[in-house]
Ligand code: NAP
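In this note's numbering, the protein residues as written are 24 to 498.
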């Protein structure tokens with residue numbers, strides 16, 4: 024007998040860890056996603072040349088094999104179904120929708136052609152259906168990637184990766200040719216603070232120095248630490264990650280470039296002040312930056328303060344990789360300042376701070392876009408502990424009388440024409456993997472929702488497999 028039934032909204036890592044833990048505790052769980060496909064940023068965010076990171080999906084597949092699990096893909100909360108309709112049917116609703124939009128720089132020229140948010144560029148090369156028709160002009164010789172996080176490293180690496188290396192990954196087919204034909208030879212990675220404050224993790228920064236066709240370049244002068252950073256780095260407060268990052272950067276600065284065809288240059292203490300172009304809305308031709316210095320922020324950290332000095336970096340592409348931001352869900356309390364669902368340790372709270380019975384948040388939409396995939400397991404444990412405590416106290420949501428778990432699937436099927444279940448996703452998964460096999464690729468992603476739905480419903484004949492050989496016929 025199940026302890027109750029929960030809806031988890033969003034089938035990314037946080038949604039899957041919460042699902043696994045709820046199933047283990049005796050709940051039945053319906054896992055929803057707006058896309059017909061599960062796995063969130065593992066599918067649409069993790070870089071194609073990082074297959075090991077993607078293998079975490081095996082853990083999620085094991086959770087999906089547990090009794091009490093159902094997947095409802097292609098269901099958009101807010102347009103296909105509402106929060107109130109969920110509360111009529113479930114004891115607990117957990118929002119695990121992630122933070123899908125990008126932070127804004129707030130500088131002149133930010134929206135010029137040739138200035139793109141990393142969120143969209145990453146979603147495009149990873150085959151997210153909403154971005155499959157985007158066109159990115161990679162025909163310039165120099166690109167600037169703004170930001171010093173792991174997403175910025177992913178983007179910089181993708182821009183210089185050998186196309187033959189990319190060819191054997193699950194990168195979206197529509198991105199293969201643009202990457203192969205790209206003329207970007209130089210990528211400048213721009214940090215607004217110093218090397219000691221970079222948000223890179225060590226393996227990702229180390230990987231930058233091991234690229235087949237790109238040298239990594241750092242001017243030693245860029246690594247001279249200001250007194251505050253030097254004192255911090257020498258203190259117990261400094262993280263091992265920051266110390267190792269600075270060591271790695273010093274190794275790069277000491278290197279003689281090997282004369283590879285491409286290069287990635289790291290520059291620090293520079294903030295964008297304006298994106299330059301020919302006329303008002305002309306294509307980006309340069310980035311004007313302020314040279315910064317660091318000063319204590321009064322909270323134990325250091326913040327960047329612009330000096331009078333300005334520099335111009337000529338470039339034809341600017342990728343803004345300065346963090347993600349959450350979007351509100353209709354009817355769910357939202358903290359506009361933080362861009363997150365209003366919550367206390369995972370319990371959704373109203374304006375007055377009181378917990379809304381049966382409503383919970385988990386993952387990035389709960390705590391912000393930080394940490395690695397595994398961080399979401401601990402995060403989910405905190406939220407699920409509250410679900411279980413509320414269940415024990417009889418304080419979860421009460422579905423309307425007569426609500427029946429067996430009626431949920433027919434209700435959704437009638438409401439959502441392209442509803443995809445786990446069985447449907449398994450058909451898509453098998454199709455993609457089969458399409459990849461002849462080309463030595465892990466999969467060829469299907470990037471059109473109607474084609475995904477057709478495959479899930481068994482309507483695509485085997486010979487029309489999509490892939491580099493041609494588009495699939497959707498029956
Ligand atoms: P992030 O780690 O938070 O980095 C954001 C960067 O943007 C920081 O360097 C930040 O600088 C900078 N920034 C913010 N506002 C700025 C502005 N107005 N002007 C200039 N720079 C600005 O975010 P992320 O790279 O998007 O990554 C999100 C999370 O996913 C992170 O936890 C990351 O580790 C994780 N991730 C992991 C992997 C992996 O493990 N392989 C891959 C991708 C992403 P300040 O520090 O000065 O604010």
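Cβ atoms here follow ideal geometry from the backbone N, Cα and C, with glycine treated the same way.
Within 8 Å, strictly: CB atoms of residue i and residue j
i: residue 524; j: residue 308; result: In the structure as shown, the chain starts at 24 and stops at 498, and residue 524 therefore has no counterpart that could be examined.
i: residue 268; j: residue 202; result: no
i: residue 96; j: residue 59; result: yes
i: residue 480; j: residue 468; result: no
i: residue 333; j: residue 312; result: yes
i: residue 110; j: residue 366; result: no
i: residue 119; j: residue 388; result: yes
i: residue 146; j: residue 154; result: yes
i: residue 41; j: residue 25; result: no
i: residue 93; j: residue 434; result: no
i: residue 48; j: residue 411; result: yes
i: residue 382; j: residue 116; result: yes
i: residue 403; j: residue 385; result: yes
i: residue 314; j: residue 292; result: yes
i: residue 374; j: residue 351; result: no
i: residue 225; j: residue 192; result: no
i: residue 361; j: residue 324; result: no
i: residue 477; j: residue 470; result: no
i: residue 271; j: residue 229; result: yes
Among the options, the one whose alpha carbon lies nearest that of residue i
i: residue 167; options: 302, 231, 213; result: 213
i: residue 185; options: 280, 173, 242, 204; result: 204
i: residue 286; options: 467, 468, 211; result: 211
i: residue 428; options: 103, 94, 113, 191; result: 113
i: residue 364; options: 218, 121, 266; result: 121
i: residue 183; options: 162, 193, 305; result: 162
i: residue 447; options: 44, 49, 61; result: 61
i: residue 165; options: 138, 302, 180, 206; result: 206
i: residue 256; options: 226, 453, 219; result: 219
i: residue 449; options: 464, 470, 475; result: 475
i: residue 31; options: 56, 176, 442; result: 56
i: residue 465; options: 383, 189, 198, 370; result: 189
i: residue 149; options: 198, 315, 103; result: 198
i: residue 53; options: 67, 70, 29; result: 29
i: residue 152; options: 181, 383, 322, 68; result: 68
i: residue 250; options: 195, 192, 316, 86; result: 316
i: residue 294; options: 361, 171, 200; result: 171
i: residue 532; options: 260, 439, 71; result: Absent from the structure is residue 532, since the part of the chain shown begins at 24 and ends at 498.
i: residue 318; options: 415, 248, 405, 81; result: 248
i: residue 237; options: 281, 272, 261, 260; result: 281
i: residue 174; options: 194, 156, 143; result: 143
i: residue 328; options: 216, 169, 260, 228; result: 216
Start-to-end residues for the alpha helix (DSSP H) that takes in residue i
i: residue 204; result: 196-204
i: residue 74; result: 74-77
i: residue 328; result: Not the alpha helix (DSSP H): residue 328 falls in the beta strand (DSSP E), residues 325-337.
i: residue 372; result: Premise fails: residue 372 lies in the beta strand (DSSP E), 370-372, not in any alpha helix (DSSP H).
i: residue 138; result: First-last for residue 138: 138-140, but that is the beta strand (DSSP E), not the alpha helix (DSSP H).
i: residue 471; result: It is not in any alpha helix (DSSP H) - residue 471 carries neither H nor E in the DSSP assignment.
i: residue 175; result: 173-183
i: residue 462; result: First-last for residue 462: undefined, no H or E at that position.
i: residue 252; result: 250-257
DSSP beta-bridge partners of residue i
i: residue 295; result: 312
i: residue 122; result: DSSP, once it has assigned bridges, lists no residue as partnering residue 122.
i: residue 357; result: 364
i: residue 285; result: 237
i: residue 209; result: 165, 286
i: residue 319; result: 325
i: residue 62; result: In DSSP, residue 62 forms no bridge with anything.
i: residue 117; result: 31, 383
i: residue 269; result: Residue 269 is not bridged to any residue.
i: residue 300; result: 307
i: residue 100; result: 104
First through last residue of the beta strand (DSSP E) which encompasses residue i
i: residue 53; result: 51-56
i: residue 96; result: 92-96
i: residue 165; result: 165-169
i: residue 109; result: Taken as a continuous stretch (DSSP letters only), residue 109 belongs to no beta strand (DSSP E), being part of the alpha helix (DSSP H) at 106-110.
i: residue 383; result: 378-384
i: residue 343; result: 340-343
Residue i Cβ short of 7 Å to the ligand SAM heavy atom set
i: residue 224; result: No copy of the ligand SAM occurs in the structure displayed; its ligands are the ligand NAP alone.
How do the region 328-338 and the region 374-385 stand: do at least 3 beta-carbon pairs fall below 8 Å, yes or no?
No, the region 328-338 does not touch the region 374-385.
Can we say the region 29-36 touches the region 381-400, given the rule of at least three CB pairs closer than 8 Å?
The way I'd put it, the region 29-36 does touch the region 381-400; three or more beta-carbon pairs between them come closer than 8 Å.
Check whether the region 238-254 touches the region 268-279, taking contact to mean three or more Cβ pairs, one atom from each stretch, closer than 8 Å.
Yes, the region 238-254 touches the region 268-279.
Inter-stretch contact (C-beta, 8 Å, three-pair minimum) for the region 125-143 and the region 345-357:
The region 125-143, when compared against the region 345-357, does touch it at the 8 Å Cβ threshold.
Assess, as a yes-or-no matter, whether the region 135-145 is touched by the region 289-307 under the definition of 3 or more beta carbon pairs within less than 8 Å.
Verdict: yes, contact present.
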